[in-house]
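J.: Structure in C-alpha cells, see below.
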Amino acid sequence: MRTVSSINTVKRIIKESRHGSIGFVPTMGALHEGHLSLIKRAKKECDFLVVSLFVNPLQFGPEEDLDVYPRNLALDQGKARAAGVNLFWTPFKKTLYPAGFQTTIAVSQISRLWEGLFRPEHFTGVCTIVTKLLHVVQPNRLYLGQKDYQQICVLQRMIQDLNIPVQLRVCPTVRETDGLAMSSRNLRLSAKQRNIAPLLYRALKAAKKRVTAGEQHAHRIIQTAEAHLKSNPDIRCDYLALCDPKTLEPIKKIEHRAVLLAAIHIGKVRLIDNILLKTP
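Dropping the structure here:
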C-alpha cells in the first residue's frame, strides 16, 4: 500500500495502474468495521482500490465537532494496509482548499430536508469535497454505507445531474452486537452514553415491527419510535421522519415502501440512523 498526500502523485499512480476497474472509498478516518466492509466489497469488485482520509471542514457547522473529531492516522494506515488497500490518499486542507478557494456545489431540493434543516451547509460541503475527490481519482465505482441514507440520496442526485461517470454502490449498515450503527463518532461516547445509544436502533426496529404488523399511518409509526427514545431523558431527538425512499419527502401513509430517518443527541454526540420499511 502506498500512502500519499499530493494530488499529482495520486493521479500519476492511478494512471500507471489503470489496467482495470478503480474502486473508491472516501472516509474521514477513525476507520471501523463499517469502513472495512466497504473496502472488502470494493476489493472484491475492482482491480485497484483507493481510500481517502480527509476530515472535511466544509461539512461541519460552527458549533459542531470538527475540532474533536477522532483522528489516528497511524492506526488507520495499519487497518487500510491490512485490508488490502492499494492507495491511501491523505490530502492536506491546503491541498484541497487552497487560498482563494470559493467554489461549492449544492443539490437544492433533497438537501434542504432533515439533516439540511439542522446542518444547513453540511451537504454543500459533502457535495463539494466528493466532487473534488472523484475528479482526482476518477473511479469506476464509489462505495458508501447506508447509514448515511440522505447523503446517499443527495450524492446520487448530484452524480446524475452532473453526469459524473461513476457507479454508486450502497452497502448495508454495519452494526455492533447491540444494534448501534458503527460510526467514528461512537468513540466520543462515554461508557454511560454508549449504553444508552442502542435505544436509537431499538426505536427504529419497534417502528418496523409495527409496520410488519400492518400499521401504515406515519404518525402512529413515528409515535412508536418516539416512545422508545423518550424513555431515556438523556436522549434529545432532532427528528424522526417517515419519508419516500427516493425523494425523502415526508409521507402520511406507507403505500409500499418508506424509510424512517432519525437523528438524536446523547450529550454532545450526535448520532443518525435509518431503517427501510415496506408494507406486508
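When the count follows this note's numbering, it moves up by one through the sequence shown with no breaks and lands on 850 for the last residue.
No residue lacks a Cβ here, since even glycine has one placed at the ideal position from N, Cα and C.
1. Between the C-alpha atoms of Gln-720 and Ser-576, what's the straight-line distance to the nearest angstrom?
2. Whose C-beta lies closer than 7 Å to the C-beta of Asp-617 among residues of the same chain, with five residues either side of it excluded?
3. Could you compute how far the alpha carbon of Gln-726 sits from the alpha carbon of Leu-738?
4. Evaluate the contact criterion for the stretch 687-698 versus the stretch 671-679: three or more CB pairs, one atom per stretch, below 8 Å.
5. Going by the DSSP bridge assignment, what does Ile-592 pair with across the sheet?
6. Kindly confirm or deny that the stretch 621-639 and the stretch 761-780 touch, where touching means at least three C-beta pairs closer than 8 Å.
7. Can you tell me where the alpha helix (DSSP H) holding Arg-651 begins and where it ends?
8. Roughly how far, in whole angstroms, is the beta-carbon of Val-706 from the beta-carbon of Val-829, given that I think they are within contact range, below 8 Å?
9. Which value, in whole angstroms, describes the spacing of the CA atoms of Arg-641 and Gly-599?
10. Return the residue from the list Asn-756, Arg-780, Ala-833 and Glu-586 that minimises the CA-CA distance to Glu-603.
11. What are the partner residues of Leu-812, as DSSP defines its beta bridges?
12. Assuming the contact rule is C-beta atoms closer than 8 Å, Phe-662 and Val-621 should be a hit. Round their C-beta distance to whole Å, please.
13. Can you give me the start and stop residues for the alpha helix (DSSP H) that Gly-686 sits inside?
14. Classify Thr-747 as buried or exposed, calling it buried when 16 or more other Cβ atoms lie within 10 Å of its own Cβ.
15. Comparing alpha-carbon positions, which option in Arg-745, Asn-844, Ile-734 and Tyr-809 lies nearest Ala-776?
16. By DSSP, does Asp-843 sit in helix, in strand, or in coil?
17. Can you tell which of Lys-800, His-826, Glu-825 and Asp-814 has the C-alpha that lies nearest to the C-alpha of His-835?
18. Buried or exposed for Ser-760, going by 16 or more other Cβ atoms inside 10 Å?
19. Look up Thr-573 in the DSSP assignment and say whether it is helix, strand or coil.
20. Using only CA atoms, which one of Lys-822, Ala-811, Pro-850 and Gly-670 lies nearest to Phe-684?
T.: Let me lay it out:
1. Taking the first residue of the sequence shown as position 1, residue 720 is located at position 150. Taking the first residue of the sequence shown as position 1, residue 576 is located at position 6. So the alpha carbons of these two residues sit roughly 31 Å apart.
2. Residue numbering aside, residue 617 sits at position 47 when the sequence shown is read from its first letter. His-589, Gly-590 and Ser-591, listed in sequence order.
3. The residue labelled residue 726 in the question sits at position 156 within the sequence shown. The residue labelled residue 738 in the question sits at position 168 within the sequence shown. The straight-line gap from Cα to Cα measures roughly 7 Å.
4. yes
5. In the sequence shown, the residue the question calls residue 592 occupies position 22. Paired residue(s): Phe-618.
6. no
7. Residue 651 sits at position 81 when you count from the first residue of the sequence shown. 643-652 is the extent of the alpha helix (DSSP H) around Arg-651.
8. Numbered from 1 along the sequence shown, position 136 holds the residue referred to as residue 706. Numbered from 1 along the sequence shown, position 259 holds the residue referred to as residue 829. Not really, about 31 Å apart at Cβ, beyond 8 Å.
9. Here residue 641 refers to the residue found at position 71 of the sequence shown. Here residue 599 refers to the residue found at position 29 of the sequence shown. The alpha-carbon atoms of Arg-641 and Gly-599 are separated by roughly 7 Å.
10. As a working mapping, residue 603 is identified with position 33 in the sequence shown. It is Asn-756 whose Cα lies nearest to the Cα of Glu-603.
11. Here residue 812 refers to the residue found at position 242 when the sequence shown is read from its first residue. Leu-812 is bridged to Leu-830.
12. On the sequence shown, residue 662 is found 92 positions in, with the first residue counted as 1. On the sequence shown, residue 621 is found 51 positions in, with the first residue counted as 1. No, Phe-662 and Val-621 are not in contact; Cβ-Cβ is about 17 Å, not under 8 Å.
13. If you number the sequence shown from 1, residue 686 lands on position 116. Unbroken alpha helix (DSSP H) run through Gly-686: 685-688.
14. Mapped onto the sequence shown, residue 747 falls at position 177. Looking at its Cβ environment, which holds fewer than 16 other Cβ atoms inside 10 Å, Thr-747 is exposed.
15. Counted from its first residue, the sequence shown places residue 776 at position 206. Checked all of Arg-745, Asn-844, Ile-734 and Tyr-809; the closest Cα to Ala-776 is Asn-844.
16. Locating residue 843 in the sequence shown gives position 273, counting from the first residue. Strand.
17. The residue you call residue 835 lines up with position 265 of the sequence shown. Closest option to His-835, Cα to Cα, is Lys-800.
18. Stepping through the sequence shown from its first residue, residue 760 is reached at position 190. It is exposed - the Cβ of Ser-760 has fewer than 16 other Cβ atoms within 10 Å.
19. Position 3 of the sequence shown holds residue 573. If DSSP states are grouped into helix, strand and coil, Thr-573 belongs with the strands.
20. Reading the sequence shown from its first residue, position 114 is the one you call residue 684. Here residue 684 turns out to be Trp, not Phe, going by the sequence shown. Nearest option by C-alpha distance: Ala-811.
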